[in-house]
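Quick notes on the structure that follows.
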Amino acid sequence: SNMYKSEFVCDKYRWSSLEHYIQGNKFKNVEDIYKEFTIESNSVLSKDPELARYYGLGKMKNGKRVRPKDIKLDPTYDESIAYTNAIECKINQDNIFKQALIETNDAKLVLQIPYKPVREQIEMMTIRSKLKVST
């Protein structure tokens, strides 16, 4: 799960989860907001992957707007690139995560979020293929 809290370093910052990194990258053009997703900020946002997701998606939580309407996404944001970077950073620092990914062999990996279509994890399967070649 992208929500699983397990610290890793990527782009010079510490992140609590893959979700924090992915959502934070949506605001890389506004450094103060981007840093709010990092462990270094010690913000409420940095501690809760669900809150990070709501902020990144611009959704309401408990009837309250999480992200102000005037805060826009970085127009250069690319979900696939952010996701690939996060996974590569995590794999290079977490041998258990790396081994678990390798042990999925050729299984189709998907992300299922309630009420959303299933998303095939192409980036993760591509990285897994590269790992199998190098091991």
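Counting in the numbering used here, the final residue of the sequence shown is number 150, and the numbers go up one at a time with none missing.
Every residue, glycine too, gets a C-beta built ideally from N, C-alpha and C.
Fair warning: this is a prediction, and the values are worked out from it, not measured in the lab.
Looking at Arg143, Lys20, Val133, the one whose alpha-carbon comes closest to that of Lys62 is Lys20. For Phe112, the enclosing alpha helix (DSSP H) starts and ends at 110-118. For Ile48, the CB contacts under 7 Å within the same chain, skipping 5 residues up- and downstream, are Phe42, Ile86 in chain order.
Per DSSP, the unbroken alpha helix (DSSP H) holding Tyr69 starts and ends at 64-72. Ile102 is positioned such that its CB atom lies closer than 8 Å to that of Met139.
Per DSSP, the continuous alpha helix (DSSP H) segment holding Tyr36 begins and ends at 33-39. Gln38 and Gly71 do touch by the CB rule: their CB atoms are close to 3 Å apart, below 8 Å.
In the displayed model, Val125 falls within a strand according to three-state DSSP.
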